[in-house]
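Here the first sequence stands for residues 12 to 125, where the numbers follow our numbering. Where is the CB? At the ideal position from N, CA and C, for every residue including glycine. All values reported here derive from a predicted model rather than from experimental measurement. Here the structure is laid out as structure tokens; the discussion comes afterwards.
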Amino acid sequence: MHNELSKAQKVWLTVQKIPIGKVASYGQIADLAGLPGRARLVGKVLGQAPDNMKLPWYRVLRSSGQLAFEAGSPQAEKQKGLLQEEGVVVLKNRVKISQFGWQPNLGELLEMQF
DNA sequence: ACAGTGACAAGTC
DNA sequence: AGACTTGCCACTG
């Protein structure tokens, strides 16, 4: 048995909260999900997430704004396309956090009780 | 138990 | 800016 579903669910629920046209870092999602220091776990569970569930995985990137995938890779290109559909500018495989970074307000934080 | 791993992060040069 | 190092800590075999 793997009751990891509990952690994965927290991550998925948190990622769902990222507004359209905004992005968040792996570490930020981990913190908001109540899993401080588990940035790498966030990436892992996103990769395990079934693609049928509408999960905006592409709104999650590194704290530097870099996409997690190698520039030019199929995954990176797909992520770039999905972000640009939402108006997020992706240049050199990176997004300007200062412009598109998600800053959850108090209301959004209150919604996040698991 | 233990060593290797990872869609990361922060610091140093 | 780009490359490298260290810290991180649960997951996996």
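About 5 Å separates the beta carbons of G76 and R105, which is inside the 8 Å limit, making them a contact pair.
Our two residues, E122 and V53, have alpha carbons roughly 20 Å apart in a direct line. DSSP, read as helix, strand or coil, puts R49 in coil. In this structure, the straight-line span from the alpha carbon of K91 to that of T25 is close to 21 Å. Beyond the five residues adjoining it in sequence on each side, Q95 comes within less than 8 Å, by CB distance, of V101 in the same chain, given in chain order.
The three-state secondary structure of R105, taken from DSSP, is strand.
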